[in-house]
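Asker:
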Amino acid sequence: MSAVTPPVVPPVEERDRRDGKAGAVVREIMSGSVVLSIAAILLSFVIGGILIAASDEDVQETAGYFFARPGDMLGAILDAVGGAYGALLRGAVFNPRGDSLGEMLGPISETLVYATPLVAAGLGVAVAFRAGLFNIGGTGQIVAGAAAAGWVGFAVDLPPVLHVIVALVAGILGAAVWAGIVGILKARTGAHEVILTIMLNYIALRLFDYLLTTPVLQQPGTVNPISPPVSGDAMFPSMVGRLHWGFVVMLLAVVAIWWLFAKSNLGFKIRAVGLSPSAARTAGINVGIIYVVTFAIAGGLMGIAGSAQILGTERTLTGGIAGSIGFDAITVALLGRSKPFGVLAAGILFGALRAGSRTMQASEGVPVDIVLVVQSFIVLFLAAPPLVRAIFRLPAPGSRATAILSRSKGAKA
Amino acid sequence: MQLELRGITKRFGAFTANDAIDVVVEPGQIHALLGENGAGKSTLMNVLYGLYRAEEGSILLDGVEQHFSGPGDAMRAGIGMVHQHFMLVPVFTVAENVMLGHEPTKAAGVLDLESARARVREISARFGFDLDPDARIEDLPVGVQQRVEIVKALSRDAKVLVFDEPTAVLTPQETDELIGIMRQLKEQGTSIVFISHKLREVRAVADVITVIRRGKVVGSAEPTASSQELASLMVGRAVELTVQKQPANPGDVALSIRGLSARNEQGTVTLDGVDLDIHRGEILAIAGVQGNGQTELANAIIGLLGGLEGSISLEGRELIGRSVKQVLDAGVGFVPEDRSHDGIVKEFTIAENLILDRSDREPFASGLSLKLGTVREFAEQKSREYDVRSQGIETKVGRLSGGNQQKVVLARELSRPLKLFIASQPTRGLDVGSIQFVHEQIVATRDAGVPVLIVSTELDEVVALADRIAVMYQGRIVDVVAPDTSRERLGSLMAGVVA
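Same order as they appear, the protein sequences are chains A and F. Residue numbers for the first sequence follow the numbering used here, beginning at 8 and rising by one. Residue numbers for the second sequence follow the numbering used here, beginning at 1066 and rising by one.
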């Protein structure tokens, strides 16, 4: 009778699922282990590799005579996948073909340039997650922050050093106010933040497009929707190559958010509200205010992302200033389990994927979209932990003892 | 039909919920499964009902081994379940609910509602239930809803009926009627499994009592066994079922409620002109069937309920219009009725739960930062003081037993200077040992001169704790009586009958 049975879903989890709370999903994702995240990343790269191989011409050709000379096809697969991922690494981490040390290390700094807004925005999503809130409004908030920072950058005259600081603060405040609207509406009316943030994305984008055609943001003497360049004083100074001081600001934000949740009473209250709004309310915590404050903090972080874009790399405001950062941030936050240093690691990984994908396309002809596929699969696997556990035979949370027990029993039998 | 559970073992991870349990229910027998909450009774029944699969053991009906992979299999085999929380669709009629899941159809799949109605009438007539097949569930009283559950099970020819804590939601009268129904079912040959932790009911109705403790059968008893014997089997040691307390020494009126009225979101009146005074150093207990405004009364005082009329004054200070935080700061301690939902954050540690209400003030905070050392010391001290059994203060509260969770709530709420203490359902779902501890704390609070308001649907608890009993019915205080009032009279008051 000691047959190995499949892991049982513990009753607590089951109850949460029956409650149908979206928060339970977030909690499930946040409680996953680092092992699970790494497993998801590995799996996604394997699938990416399959796609690379399948779309490679040499592989397709050798597949035609696979049964005659299987070695040819295997070799072609290795060439295609190895070449593509090798190029990815060369573009993202270290380029051994570089002429100088600076050129060799160029890729890693490029990775960090891409990672800077991703990590900041990822934190903006993660902070909201901790309060049980979905911040899908990254795009709108980044636009608001970038517009505010950019405007201070080109329209206001300030001495050096001070100028970049004021521009950054303006970016943070602009995005915080834009996100704060969501918090206020949710606290006051009970409207759902997912709807609010998505709708505010459209409002922000359209308003921004409009302002780019008015004297407020538009460059004088042009008909294109583009702003004047930000004054040199207001740009983040360069550290190494394209890597700018916005990276350090992002690192400070990571530490600040770590402190918020590990050491501060505000973070304590945000976590309490996220885990059980009713218990928090009963204990005298004003849940509405926490929603507003959380969204303002989340927005401020998006503002850092927006500032990093305009003051770090772009220099002029255009309709595409936010790119897909607002949505990639959700992936980064999920992969980072909404933990500050997890988000940092996830953001750097995604930055590396972006930086590397260009080299991959340029030198191997593998489309950039492969990277998007890999990213999407990472999210897919994170959202379905039982799937990853089944593939890698990882124990279910809380059932470690049984798994080991049944395994040892199975070995004896 | 004879039901035999043989060597049932069910584990959740490392936790063994059922450990080689053997139970035999003879045909036409009322078999009580007695045990504390968390003893494993419901798990066992979920195994029987096909909701869980046991790791070991077998289920036999009339000697034939059964394999249930879901409730459907169990129902087809003749097992019916009357759940503690009714599985009824509120906006459906009685007949619609009864046929749900095995809808009779005419040609071309058209629903045959008429035959469902006839079935309801036939079964109700057999037991004298007087059920209207066309009544909507949400319009029926709780006791009648329960009968619909019973009819639902019987309409599928259940030969074994499982009642899971059926009296939790009933008035004493409805409980008596249910006991009558169970006897009637038994006479008609139905085997009954009656799950309960209430000694009185078990002794009144059961033919055989099996006591379960920590997932194991620890003994069986005849219904003639005394309450003390059964209770000590349940908890594994001798317990006192009465609350030790001196007569109250009431002082001035501390809390004064006048004309308190409220409506819920649907516009229904939930509180209807409540007038109530509570004195220092007395325990006033609110008795009543669940859903008669007790929850709203407690929430109104604490500031969780908006749109109130009337006044609530604590030592001369008006509480209406204040935030929860202001009310707590005014010196109100509050044990909410839904502990796991409102009382604790399950994923938080013991230490974190203990400062939930004052994370932003001295001595636990300076500015924005938490003084984690002070928080730890406080948690260590309170855990010792309140005997919270855990693997340390960093244990997640959700992993503790109900009794230990409640100790955490009590430790938090009683460690502020209090001018009023409110406890709703303070011992719901707790084991006998924890109940005793909670009751002692409540009496000690009273003896320290604090006015105490208890809300409980357990009449035994109300009678044992109260210095005065206020009975609530449909949002009104029907009467305030002494604790030695007869149960019959309390029962009629709870049903709104003012003699």
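Where a beta carbon is used, it is the ideal one built from N, C-alpha and C, also for glycine.
Within 10 angstroms of the Cβ of M1299/F, are there 16 or more other Cβ atoms? Answer buried if so, exposed if not.
Answerer: So M1299/F counts as buried.
Asker: Determine the direct distance from the alpha carbon of V1213/F to that of A1529/F, and round the result to whole angstroms.
Answerer: Roughly 33 Å between the two C-alpha positions.
Asker: Please classify G1561/F: does DSSP put it in a helix, a strand, or coil?
Answerer: Here G1561/F sits in coil by DSSP.
Asker: Taking one C-beta from the region 201-220 of chain A and one from the region 270-282 of chain A each time, how about it: are there three or more such pairs within less than 8 Å?
Answerer: Short answer: they don't touch.
Asker: Could you give the DSSP three-state label for F215/A: helix, strand or coil?
Answerer: In the structure shown, F215/A sits in a helix (DSSP, three-state: H, G or I).
Asker: Can the beta-carbon of G1208/F be found closer than 8 Å to that of E1187/F?
Answerer: No; because the gap between Cβ atoms is not below 8 Å, this pair is not in contact.
Asker: Could you pull the DSSP bridge partners for Q1131/F from this structure?
Answerer: Answer by DSSP bridge pairing, in chain order: I1124/F.
Asker: Determine, for K1447/F, whether the minimum Cβ-Cβ distance to residues of chain A falls below 8 Å.
Answerer: So no, K1447/F is outside the interface.
Asker: How many Å lie between G1494/F and F1399/F at the Cα?
Answerer: Computed Cα separation, rounded: 18 Å.
Asker: Along the chain, where does the alpha helix (DSSP H) that runs through S116/A open and close?
Answerer: Unbroken alpha helix (DSSP H) run through S116/A: L108 to R137.
Asker: Helix, strand or coil: which one does DSSP assign to A340/A?
Answerer: Helix.
Asker: Please report the Cβ distance between T1081/F and G1280/F, rounded to the nearest whole angstrom; I am assuming they are in contact, meaning their Cβ atoms lie under 8 Å.
Answerer: With a Cβ gap of about 5 Å, T1081/F and G1280/F count as contacting.
Asker: Looking at the structure shown, is E1374/F part of a helix, part of a strand, or coil, going by DSSP?
Answerer: E1374/F falls in the strand class under three-state DSSP.
Asker: Below 8 Å on the Cβ atoms is my contact criterion, and I expect R1387/F with G1371/F to pass it. Report the Cβ-Cβ distance as a whole number of Å.
Answerer: Not quite, the Cβ-Cβ distance comes to about 12 Å (not below 8 Å), so this is no contact.
Asker: Helix, strand or coil for G187/A per DSSP?
Answerer: Note: G187/A maps to helix in three-state DSSP.
Asker: How about E1230/F and S1261/F: are their beta carbons less than 8 Å apart?
Answerer: Yes, the Cβ-Cβ distance between E1230/F and S1261/F is below 8 Å.
Asker: In whole angstroms, what separates the C-alpha of D1199/F from that of E1523/F?
Answerer: Their Cα atoms are separated by approximately 33 Å.
Asker: If the cut is a Cβ gap below 8 Å, which residues of chain A does D1496/F touch?
Answerer: Those within 8 Å of D1496/F in chain A number zero; the least Cβ separation is about 18 Å.
Asker: Using DSSP with H/G/I as helix, E/B as strand and the rest coil, what is G239/A?
Answerer: Looking at G239/A - three-state DSSP - the assignment turns out to be helix.
Asker: Could you check whether V1334/F and G1561/F sit closer than 8 Å to each other, using their CB atoms as the reference points?
Answerer: No; because the gap between Cβ atoms is not below 8 Å, this pair is not in contact.
Asker: Report the rounded CA-to-CA distance for L273/A versus L1433/F, giving the unit in angstroms.
Answerer: If I take the Cα positions, the gap works out to 7 Å.
Asker: Where does L1437/F land, buried or exposed, given buried means 16+ other C-beta within 10 angstroms?
Answerer: The residue in question, L1437/F, is exposed, as its Cβ has fewer than 16 Cβ neighbours within 10 Å.
Asker: Can you give, in chain order, each stretch of the alpha helix (DSSP H) that sits fully within the region 1510-1553 of chain F and has at least 4 residues?
Answerer: The region 1510-1553 of chain F contains these whole alpha helix (DSSP H) runs: 1524-1530.
Asker: Indicate whether at least one CB of chain A lies closer than 8 Å to the CB of G1128/F.
Answerer: For G1128/F, the answer is no, since every Cβ of chain A falls outside 8 Å of its Cβ.
Asker: For the alpha helix (DSSP H) that contains G295/A, what are its first and last residues?
Answerer: G295/A -> alpha helix (DSSP H) spans V294 to S314.
Asker: Taking C-beta pairs closer than 8 Å, name the residues in chain F that A154/A reaches, listed in chain order.
Answerer: Under the 8 Å cutoff, chain F gives no residues; its nearest Cβ is about 30 Å from A154/A.
Asker: How many Å lie between R1201/F and K1171/F at the Cα?
Answerer: Near 24 Å, if we compare the C-alpha coordinates of K1171/F and R1201/F.
Asker: Return the Cβ separation of G1556/F and T1236/F in integer angstroms, given the expectation that the two are a contact with Cβ distance under 8 Å.
Answerer: G1556/F to T1236/F, Cβ: 6 Å. Contact.
Asker: Could you tell me how far apart the beta carbons of I1124/F and L1070/F are, in whole angstroms, since I believe they sit closer than 8 Å?
Answerer: The pair is a contact, with the Cβ atoms about 6 Å apart (cut-off 8 Å).
Asker: Counting only Cβ pairs nearer than 9 Å, list the residues of chain F close to S40/A.
Answerer: By Cβ distance, chain F contributes nothing, its closest Cβ being about 16 Å from S40/A, past 9 Å.
Asker: Can a CB atom of chain F be found closer than 8 Å to the CB of K193/A?
Answerer: Output row for K193/A: interface = no.
Asker: Tell me whether the region 307-318 of chain A and the region 147-158 of chain A touch, counting them as touching only if at least three CB pairs, one residue from each stretch, are closer than 8 Å.
Answerer: In short, these stretches touch, since the Cβ pair count reaches three.
Asker: Measure the CB-CB distance between L342/A and S62/A and report whether it falls below 8 Å.
Answerer: Going by C-beta atoms, L342/A is not nearer than 8 Å to S62/A.
Asker: Cutting at 6 Å between CB atoms, please list the residues of its own chain near I355/A, excluding the five before and the five after it.
Answerer: Counting only Cβ-Cβ distances below 6 Å, and skipping sequence neighbours, we find A122.
Asker: At a CB distance below 8 Å, what residues from the region 1356-1390 of chain F approach chain A? Give them in sequence order.
Answerer: Within the region 1356-1390 of chain F, the qualifying residues are I1367, L1369, S1388, V1389 and K1390.
Asker: Mind listing the chain F neighbours of T289/A? Cutoff is C-beta to C-beta under 8 Å, in chain order.
Answerer: Chain F residues near T289/A: I1367, L1369, V1389, F1399, P1401, D1407 and G1408.
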